[in-house]
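Chemist: Let me begin by handing over the structure; questions about it come next.
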Amino acid sequence: MKTASDTASDGEFRDFVVGLIPSLKLTVSNIEVSNRHEVKLIARSDSENVIVEARNHKRKVGHHPLEALKAEMDKRDILEGIFISMAGFTGDAQEYSVQNRIMLFTPEELKRRETQAASPPVEMRKIFERVFSGPITLEQAAAEFMRRRRKSILGLFGVDERIEAVDGRFAPIGCFRLRKSPFLGAALSPRGKAEGEINVYVNLHTCSLLYVSRGLTGGKLTLKATNIVRRMLNLSPDAVKVMSQIFEHGELRFDGLTPEQQFLLQKNVDNIILLQNLGLISTMPRGNGYLSNINLLTYGDKRYDLEANLACEESAESSFGVDEILYSPQTLLLILKNFYDADGQFVGVTYMPYYLCRYATSDGRLRFDTIENIRLKNG
Numbered sequence: 001m002k003t004a005s006d007t008a009s010d011g012e013f014r015d016f017v018v019g020l021i022p023s024l025k026l027t028v029s030n031i032e033v034s035n036r037h038e039v040k041l042i043a044r045s046d047s048e049n050v051i052v053e054a055r056n057h058k059r060k061v062g063h064h065p066l067e068a069l070k071a072e073m074d075k076r077d078i079l080e081g082i083f084i085s086m087a088g089f090t091g092d093a094q095e096y097s098v099q100n101r102i103m104l105f106t107p108e109e110l111k112r113r114e115t116q117a118a119s120p121p122v123e124m125r126k127i128f129e130r131v132f133s134g135p136i137t138l139e140q141a142a143a144e145f146m147r148r149r150r151k152s153i154l155g156l157f158g159v160d161e162r163i164e165a166v167d168g169r170f171a172p173i174g175c176f177r178l179r180k181s182p183f184l185g186a187a188l189s190p191r192g193k194a195e196g197e198i199n200v201y202v203n204l205h206t207c208s209l210l211y212v213s214r215g216l217t218g219g220k221l222t223l224k225a226t227n228i229v230r231r232m233l234n235l236s237p238d239a240v241k242v243m244s245q246i247f248e249h250g251e252l253r254f255d256g257l258t259p260e261q262q263f264l265l266q267k268n269v270d271n272i273i274l275l276q277n278l279g280l281i282s283t284m285p286r287g288n289g290y291l292s293n294i295n296l297l298t299y300g301d302k303r304y305d306l307e308a309n310l311a312c313e314e315s316a317e318s319s320f321g322v323d324e325i326l327y328s329p330q331t332l333l334l335i336l337k338n339f340y341d342a343d344g345q346f347v348g349v350t351y352m353p354y355y356l357c358r359y360a361t362s363d364g365r366l367r368f369d370t371i372e373n374i375r376l377k378n379g
């Protein structure tokens with residue numbers, strides 16, 4: 001197989017990229033060669049157009065080229081994008097791709113995909129050591145997805161959807177055990193006890209922090225998710241600590257600051273402006289302090305502990321696919337420790353079963369929906 005150094009002309013790199021396309025089950029319809037190192041083409045699957053971009057650069061591709069590809073997808077009203085890089089991708093590019101329906105490949109991955117497709121399918125059953133119990137069958141999930149599909153009104157408003165596929169999946173849920181003492185951490189918060197040990201669970205594929213809730217009316221127990229941890233990924237430790245202090249107390253008034261809090265705010269003026277611009281904190285109406293804009297359970301809330309609220313199995317066997325771990329548990333642990341001003345450790349992964357449905361319309365538009373396959377205790 002050719003490498004980046006082997007492709008010496010526009011034509012060679014173009015032909016090299018076109019040769020990779022069959023492994024994606026696409027048909028090429030239009031090709032644009034920007035220069036000897038960049039090729040862009042429009043291809044088509046069975047139901048829709050796809051933009052494919054390939055780059056033959058020595059450095060890994062970051063998120064900026066992916067943002068440009070997403071802008072072109074939106075301009076052409078194309079829902080799916082594919083980016084091929086000879087040198088691979090940075091972490092922020094991988095995160096951006098997950099959120100914007102862009103698939104990332106290296107030539108090696110495409111060749112491996114082509115080889116696997118040529119082999120006869122073999123059902124591989126996986127053994128999971130820790131799994132949340134799944135009471136919903138595939139047939140029940142399919143019936144619920146059928147109920148949820150969108151329909152036109154008298155053929156005039158909206159578009160009818162059909163179900164293309166319903167698949168069972170497992171999401172890797174990381175468990176983080178945090179320990180906080182009033183003698184080692186921050187002062188006690190007026191919003192609740194700031195000491196003790198808690199378990200916090202984060203989806204390692206989506207970076208969503210999970211908890212259970214009965215809602216404002218105290219109804220049926222449900223699983224909730226927040227993206228607050230993902231929003232903290234690009235913040236400095238000092239910015240997270242400032243946000244933590246304001247969240248811990250709900251508000252920080254200038255006339256009631258401790259010497260430690262006063263010093264923290266004085267040395268983090270730039271971080272405070274950043275947090276305000278991100279909408280995570282705001283200035284109090286009279287300008288005499290800061291308010292937290294984070295809607296999150298306080299430290300010590302028992303609703304954080306999924307395994308205390310969801311039924312678990314010590315092991316399970318299944319052929320369902322597993323979502324890739326995209327977020328480092330050690331990176332997430334550091335963020336959680338800074339935010340909650342606590343000590344802690346990564347305990348391990350518990351897999352959460354769910355069903356994924358792909359809807360399609362007659363004009364090729366796709367929509368995805370999910371159902372968590374979990375058994376809530378006392379729910």
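The sequence shown begins at 1 in the working numbering and counts up by one.
From the three backbone atoms N, C-alpha and C, an ideal C-beta is built for every residue, glycine too.
(1) So what does M73 bridge to, in DSSP terms?
(2) Evaluate contact between the stretch 279–293 and the stretch 160–177, counting only Cβ atoms and requiring at least three cross-stretch pairs below 8 Å.
(3) Mapping DSSP to helix, strand and coil, what is S244?
(4) Excluding the five sequence neighbours on either side, which residues of its own chain have a C-beta within less than 8 Å of the C-beta of F128, listed in chain order?
(5) In chain order, what residues of the same chain have a beta carbon less than 6 Å from the beta carbon of I325, not counting five sequence neighbours either side?
(6) Do three or more CB pairs link the stretch 221–237 to the stretch 326–336 at distances below 8 Å?
(7) May I ask you to verify whether the stretch 249–269 touches the stretch 350–364, counting CB pairs closer than 8 Å and requiring at least 3?
(8) Name, in chain order, the residues that DSSP records as bridge partners for C312.
(9) Distance check for M243 and L235, CA to CA, integer angstroms please.
(10) Could you give the C-beta distance for F105 and V61, rounded to a whole number, given that I count them as a contact under 8 Å?
(11) Run through the DSSP bridge pairs and tell me what T361 is partnered with.
(12) Let's test the definition: count the other Cβ atoms within 10 Å of the Cβ of K193 and tell me whether it reaches 16, buried, or not, exposed.
(13) When you compare only the Cα positions, how much space is there between L25 and I246?
(14) Could you give the DSSP three-state label for Y211: helix, strand or coil?
(15) Grouping DSSP H, G and I as helix and E and B as strand, with all else coil, what is K337?
(16) For N373, name the three-state secondary structure that DSSP assigns.
(17) How is R147 classed by DSSP in three states: helix, strand or coil?
(18) Under a three-way DSSP split, which group does A342 fall into?
(19) Using CA atoms only, rank isn't needed, just tell me which of M73, E67, I272, L376 is closest to L41.
(20) Have a look at D301 and R130 and give me their C-alpha separation to the nearest angstrom.
(21) Less than 8 Å between the CB atoms is what I'm expecting for F176 and L336, so what's the real figure, rounded?
(22) Within this structure, are the beta carbons of K224 and Y299 separated by less than 8 Å?
(23) Return the CA-CA distance between D341 and N35, expressed in angstroms with no decimal places.
(24) What would DSSP say about R67, mapped onto helix, strand or coil?
(25) DSSP on S34, reduced to helix/strand/coil?
(26) Which partner residues of T222 appear in the DSSP bridge assignment?
(27) Can you tell which of A71, N56, N100 has the C-alpha that lies nearest to the C-alpha of D85?
(28) Report the rounded CA-to-CA distance for S133 versus N268, giving the unit in angstroms.
(29) Have a look at C207 and P22 and give me their C-alpha separation to the nearest angstrom.
(30) Locate the alpha helix (DSSP H) running through Y96, then write down its first and last residues.
(31) So what's A43 in DSSP terms, helix, strand or just coil?
(32) Pop quiz: Y201 and L333 are said to be a contact at Cβ under 8 Å. What is the actual Cβ separation, rounded to whole angstroms?
(33) Could you round the C-beta distance between D369 and R148 to whole angstroms and report it? I think they count as a contact, below 8 Å.
(34) Tell me, which residues are paired with N199 by DSSP?
(35) Compute the Euclidean distance between the alpha carbons of A187 and F339, then round it to the nearest angstrom.
(36) Taking the alpha-carbon positions, what's the F16 to Q94 distance?
Modeler: Let me spell this out:
(1) Here residue 73 refers to the residue found at position 73 of the sequence shown. None, per the DSSP bridge assignment.
(2) Contact annotation: the stretch 279–293 does not touch the stretch 160–177, with fewer than three C-beta pairs closer than 8 Å.
(3) Working through the sequence shown from its first residue, we reach residue 244 at position 244. The answer is helix: DSSP assigns S244 an H, G or I state.
(4) Position 128 of the sequence shown, counting from 1, holds the residue named residue 128. The residues are F170, S315, A316, E317, S318, Y351.
(5) The count along the sequence shown starts at 1 and reaches residue 325 at position 325. Taken in chain order, the residues that qualify are P172, L204.
(6) yes
(7) no
(8) Position 312 of the sequence shown, counting from 1, holds the residue named residue 312. F132, per the DSSP bridge assignment.
(9) For the purposes of this step, residue 235 is identified with residue 235 of the sequence shown, where counting begins at 1. For the purposes of this step, residue 243 is identified with residue 243 of the sequence shown, where counting begins at 1. Computed Cα separation, rounded: 10 Å.
(10) Walking along the sequence shown from the start, residue 105 turns up at place 105. Walking along the sequence shown from the start, residue 61 turns up at place 61. That belief does not hold up - the Cβ atoms of F105 and V61 are roughly 11 Å apart, past 8 Å.
(11) As a first step, residue 361 is located in the sequence shown; it is residue number 361 there, counting from the start. DSSP lists E161 as partners of T361.
(12) Numbered from 1 along the sequence shown, position 193 holds the residue referred to as residue 193. Residue confidence for K193 is low, a pLDDT of 47 falling below 50, so the modelled location carries little weight and cannot support an answer.
(13) Taking the first residue of the sequence shown as position 1, residue 25 is located at position 25. Taking the first residue of the sequence shown as position 1, residue 246 is located at position 246. The sequence as given places Lys at residue 25; Leu does not occur at that position. Roughly 52 Å between the two C-alpha positions.
(14) By one-based count along the sequence shown, residue 211 stands at place 211. Reduced to three states, the DSSP call for Y211 is strand.
(15) Translated into positions along the sequence shown, residue 337 becomes position 337. Three-state result, K337: helix.
(16) Along the sequence shown, read from residue 1 onward, the residue named residue 373 stands at position 373. Reduced to three states, the DSSP call for N373 is coil.
(17) The residue you call residue 147 lines up with position 147 of the sequence shown. The answer is helix: DSSP assigns R147 an H, G or I state.
(18) Numbered from its first residue, the sequence shown carries residue 342 at position 342. It is coil, neither helix nor strand.
(19) By one-based count along the sequence shown, residue 41 stands at place 41. The shortest C-alpha separation from L41 is found at M73.
(20) Along the sequence shown, one-based indexing puts residue 301 at 301. Along the sequence shown, one-based indexing puts residue 130 at 130. Their Cα atoms are separated by approximately 23 Å.
(21) Translated into positions along the sequence shown, residue 176 becomes position 176. Translated into positions along the sequence shown, residue 336 becomes position 336. Sure, about 5 Å apart at Cβ, within 8 Å.
(22) What you label residue 224 is simply residue 224 of the sequence shown in a count that begins at 1. What you label residue 299 is simply residue 299 of the sequence shown in a count that begins at 1. In this structure, K224 keeps its C-beta atom at 8 Å or more from the C-beta atom of Y299.
(23) As a first step, residue 341 must be located in the sequence shown, where it is residue number 341. As a first step, residue 35 must be located in the sequence shown, where it is residue number 35. In a straight line, the C-alpha of D341 is about 51 Å away from that of N35.
(24) To locate residue 67, count along the sequence shown from 1; it is residue 67. The amino acid at residue 67 is misidentified as Arg; the sequence shows Glu. Looking at E67 - three-state DSSP - the assignment turns out to be helix.
(25) The residue labelled residue 34 in the question sits at position 34 within the sequence shown. Strand at S34.
(26) If you number the sequence shown from 1, residue 222 lands on position 222. According to DSSP, T222 bridges with S213.
(27) What you label residue 85 is simply residue 85 of the sequence shown in a count that begins at 1. One point to set straight first is that residue 85 is Ser, not Asp, in the sequence displayed. It is N56.
(28) Here residue 133 refers to the residue found at position 133 of the sequence shown. Here residue 268 refers to the residue found at position 268 of the sequence shown. Cα to Cα, the separation comes out at about 45 Å.
(29) Walking along the sequence shown from the start, residue 207 turns up at place 207. Walking along the sequence shown from the start, residue 22 turns up at place 22. Distance between the alpha carbons of C207 and P22 is about 33 Å.
(30) Numbered from its first residue, the sequence shown carries residue 96 at position 96. Taken as a continuous stretch (DSSP letters only), the alpha helix (DSSP H) holding Y96 covers 91–99.
(31) Along the sequence shown, one-based indexing puts residue 43 at 43. Looking at A43 - three-state DSSP - the assignment turns out to be strand.
(32) Within the sequence shown, the letter at position 201 stands for residue 201. Within the sequence shown, the letter at position 333 stands for residue 333. Y201 to L333, Cβ: 13 Å. No contact.
(33) Looking up residue 369 in the sequence shown gives position 369. Looking up residue 148 in the sequence shown gives position 148. Between R148 and D369 the Cβ distance is about 6 Å, and since that is below 8 Å, they are a contact.
(34) One-based indexing of the sequence shown puts residue 199 at position 199. BP columns for N199 point to R177.
(35) What you label residue 187 is simply residue 187 of the sequence shown in a count that begins at 1. What you label residue 339 is simply residue 339 of the sequence shown in a count that begins at 1. Confidence at A187 is low in this model, with a pLDDT of 42, below 50, so the placement of that residue should be treated as unreliable; the coordinate-derived value is given next. The straight-line gap from Cα to Cα measures roughly 14 Å.
(36) As a first step, residue 16 must be located in the sequence shown, where it is residue number 16. As a first step, residue 94 must be located in the sequence shown, where it is residue number 94. In a straight line, the C-alpha of F16 is about 23 Å away from that of Q94.
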